[in-house]
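Here the numbering used here is used: the first residue of the sequence shown is 1460, the next is one more, and so on. Even for Gly, the Cβ is constructed at its ideal location relative to N, Cα and C. A short worksheet on the structure shown next.
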Amino acid sequence: MKNSTNNNYSINKLIEDRWSTRSFSSKPVKREQLQSILEAARWAPSAFNEQPWRFILGQKGDSTYDTILSTLIDWNIIWASNASVLILNIAKKTFTRNGNNNVTFKYDLGQAVAFMILEAINQGLHTHQMSGFDANKAVKLFDIPNDFQTVSVTVLGYYGNVDDLPEDMATMETKPRERKGLDEIVFRDKFGNNYKL
């Protein structure tokens, strides 16, 4: 299944094909696919090339997967537990070179995760990003240092059967995707003054 964009202008097909499904199959993701996906994240840009991102990866059937799953809110466990891979996304809050605060650490992590997502799509896989998890619990369970922040969880895997989802989630799967228009997000001269492209 594909939940297509209704874009106004031409964009890359990988971006068109990205959507946050909740319907996952437990079919295993191949090691080579995971290597390529994480390699893509490795090549994301970052302030002063700090590369603040870190990932804890769990595959269905291993204890890391079960531990990440245990940090999710109940509603997310219902559907995410079908996927074959869970990734805990973490970032270093300070610069290694001088110890100063890195104000863009989350931005940089976001870019790495976006690169990861695009490569996942390129590999024929699907992803879903979540903030619905207990970050403090994850910190304790994985012994994450104080200088790092646990930001999100990525669900990764093959597309599953939408009929396996509860009715409310199945309805969300087929709901048309919506985005704000460029007139709502691109400005000139001052904030809120539409830039008519």
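Exposure of residue i, with buried meaning 16 or more beta-carbon neighbours within 10 Å
{"i": "residue 1551", "result": "buried"}
{"i": "residue 1609", "result": "buried"}
{"i": "residue 1567", "result": "buried"}
{"i": "residue 1549", "result": "buried"}
{"i": "residue 1511", "result": "buried"}
{"i": "residue 1643", "result": "exposed"}
{"i": "residue 1538", "result": "buried"}
{"i": "residue 1529", "result": "exposed"}
{"i": "residue 1656", "result": "exposed"}
Same chain, Cβ closer than 6 Å to residue i, neighbours up to 5 away in sequence not counted
{"i": "residue 1527", "result": "1517, 1545 and 1547"}
Residue(s) in a DSSP beta bridge with residue i
{"i": "residue 1614", "result": "1545 and 1587"}
{"i": "residue 1592", "result": "1531"}
{"i": "residue 1512", "result": "1550"}
{"i": "residue 1560", "result": "1553"}
{"i": "residue 1479", "result": "1586"}
{"i": "residue 1518", "result": "1544"}
Cβ neighbours of residue i in the same chain (closer than 7 Å, five flanking residues each side left out)
{"i": "residue 1574", "result": "1499, 1500, 1502 and 1503"}
{"i": "residue 1619", "result": "1482, 1483, 1484 and 1541"}
{"i": "residue 1594", "result": "1609"}
{"i": "residue 1554", "result": "1507, 1509 and 1561"}
Distance between residue j and residue i (C-alpha atoms, nearest Å)
{"i": "residue 1576", "j": "residue 1557", "result": "31 Å"}
{"i": "residue 1572", "j": "residue 1649", "result": "31 Å"}
{"i": "residue 1496", "j": "residue 1626", "result": "31 Å"}
{"i": "residue 1617", "j": "residue 1486", "result": "7 Å"}
{"i": "residue 1583", "j": "residue 1570", "result": "20 Å"}
{"i": "residue 1525", "j": "residue 1651", "result": "45 Å"}
{"i": "residue 1470", "j": "residue 1476", "result": "10 Å"}
{"i": "residue 1490", "j": "residue 1586", "result": "17 Å"}
{"i": "residue 1645", "j": "residue 1467", "result": "15 Å"}
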